[in-house]
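Notes to accompany the following structure.
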Amino acid sequence: MGDFNQTVVLDAIRRSPDGLSRIELAGATGLSAQTLSNIARRLLDQSLIVESGTVRKGRGKPRTVLTLNPTAGYAVGVHLDPAVLTFVILDLGGRVVAHSTRRTPVEPGAEAIVDVMASAVADLLTGAGVDRGLVLGVGVASPGPIDPEHGVVVDPPFLRGWHQVPLRSSLSEATGFPVVLEKDVAAAAVAEIWGSSSESPENFLFVYLGTGIGIGLVSGGSVLRGRTQNAGEVGHIVVDPDGPACTCGLRGCLAVTCMPQNLVQEAVLLGVLDYPVDNADPGAVETAFLDLCARAVDGKAARRIIDVSAERVAKAVSVLTNALDFDRVVFGGPYWPLLAGSYLRIVPDVLTRLTVAPHADGIQIEGTAFGTDVGAVGAACTVFTNALSPSPEQLLLRTDGPGPAQAARARR
Ligand SMILES: [Zn+2]
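Heads up: the sequence shown runs through residues 1 to 412, numbered per full-length UniProt numbering.
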């Protein structure tokens, strides 16, 4: 129990940017003054917290304030998208202290990608001047499906030559750090929970727009991962009944109408893009998709393709918001910055039209505050959750520090 109490105390301190005195900590955690004093001593010895001045409240003697030492530990987050790799370093206080991106290697198989990940992580740590000894681990957000028990990426549709890849052990071997594997949409959802300033537990959908489209589900402040941690596969929601045939036997599924590769092919067919694009090459698809998005800024035909896809994604989202009675949708992922204009213009009306439940304020629609780092940040956060947090999923640190409301919530 000693270790558990220690994480409870550390968590309470972490959520309070102004720090807490020992007496306040005893009140927040329900631990006895003696237990608390022992734990505080251990945390001070480990440099996880520091004594940062005193406060006088009322007529009692001044109390020493304990605050987190953000530089006492770090986590690395890696986000594997078939087109782009994103890397972040988070300090214990939840700040992104460094970030980088690399183009995902096109060679089939995992070896080249793991090599690039390992060298990018090493470069990032060196560049940021972070001591490897202070790194608690690496979190990697990967396209699904995953086998969480064995740390294996099973058969991701857009990664060539990937079949039953033991990414957790390969990356651990290549980097020398323990690795946590998380599905991309779950990682993104973790980051959003973590960055939340809401006083009540969160309920929202996270819509991930990358080489694929996936959904993260958050209910009651927890990520819904499902039995095998692969929740969020929405590719076979029909959004255009007259659309192309899908491998599932239906027509016009999200998977065959709204993925970047579908939009790129549509653009080629319509002459909006005047060159062929190899759908089997995620890098080529990405280049063409970026081109299409650039043309959509002032080109009517290109914009129409993007707008129609936004409307279709909105229809799929409405199926889920109706099924789950959610009133908040957060968009993110590598392509969100390119698509935000179109989506924010189109999605609200579609959702208003299709929503069944009487949400007084309609459906709240927003973009992630973490930008394109969201998957990597969430993956790094999972490292802290596993290593330090007594209540997985309730880790609520913010990049600018949690407010008092969050600290109160944390105490439950
Ligand atoms: Zn289908």
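Cβ coordinates follow ideal geometry from the N, Cα and C atoms, glycine included.
Reference Ala12, options Ala267, Gly226 and Leu25, closest by Cα: Leu25
DSSP beta-bridge partners for Ala245? Arg251
I think Val239 touches Phe331, with their Cβ atoms under 8 Å apart; what is that distance to the nearest whole Å? In fact, because the Cβ distance is near 16 Å, the residues do not count as touching under 8 Å.
Run through DSSP, which three-state label would Tyr343 get? helix
Does Asn5 come out as helix, strand or coil in the three-state DSSP assignment? helix
From the DSSP output, in three-state form, read off Lys61 for me. coil
Does the Cβ of Cys248 lie closer than 7 Å to at least one heavy atom of ligand 1? Inclusion of Cys248 in the 7 Å shell around ligand 1 follows from its C-beta lying nearer than that to a non-hydrogen atom of the ligand.
Kindly provide the ranges of any beta strand (DSSP E) runs that are 3 or more residues long and lie completely inside the segment 40 to 117, ordered along the chain. List check, beta strand (DSSP E) in window: 49 to 55, 63 to 68, 74 to 80, 84 to 91 and 96 to 103.
Glu286, buried or exposed, once every other Cβ within 10 Å from all chains shown has been counted against 16: buried
Near His236, what residues of its chain come up, given a Cβ to Cβ distance below 8 Å and the 5 sequence neighbours on each side ignored? Cys246, Cys248, Leu250, Cys253, Leu254 and Ala255
Tell me the start and end of each unbroken beta strand (DSSP E) in the segment 209 to 240 that is at least 3 residues and wholly inside, in chain order. 213 to 219
Inspect the beta-carbon positions of Met117 and Ala174 and report whether they are closer than 8 Å. Cβ atoms of Met117 and Ala174: closer than 8 Å.
Could you give the first and the last residue of the continuous alpha helix (DSSP H) run that contains Ile23? Arg22 to Thr29
So, Val288 versus Val277, is the Cβ gap smaller than 8 Å? Residue identity differs from the one stated: residue 288 is Ala in this sequence, not Val. For Ala288 and Val277, yes; Cβs fall inside 8 Å.
Enumerate, from N- to C-terminal direction, the unbroken alpha helix (DSSP H) stretches of 4 or more residues contained entirely within the segment 307 to 354. Residue ranges of uninterrupted alpha helix (DSSP H) with 4 or more members, entirely inside the segment 307 to 354 and ordered along the chain, are 336 to 354.
Less than 7 Å separating the Cβ of His79 from some heavy atom of ligand 1? no
From the DSSP output, read off the bridge partner residues of Gln364. Arg328
Tell me which residues share the same chain as Gly151 and place their Cβ nearer than 8 Å to its Cβ, disregarding the 5 neighbours each side in the sequence. Pro166, Leu167, Arg168, Ser169, Val179 and Leu181.
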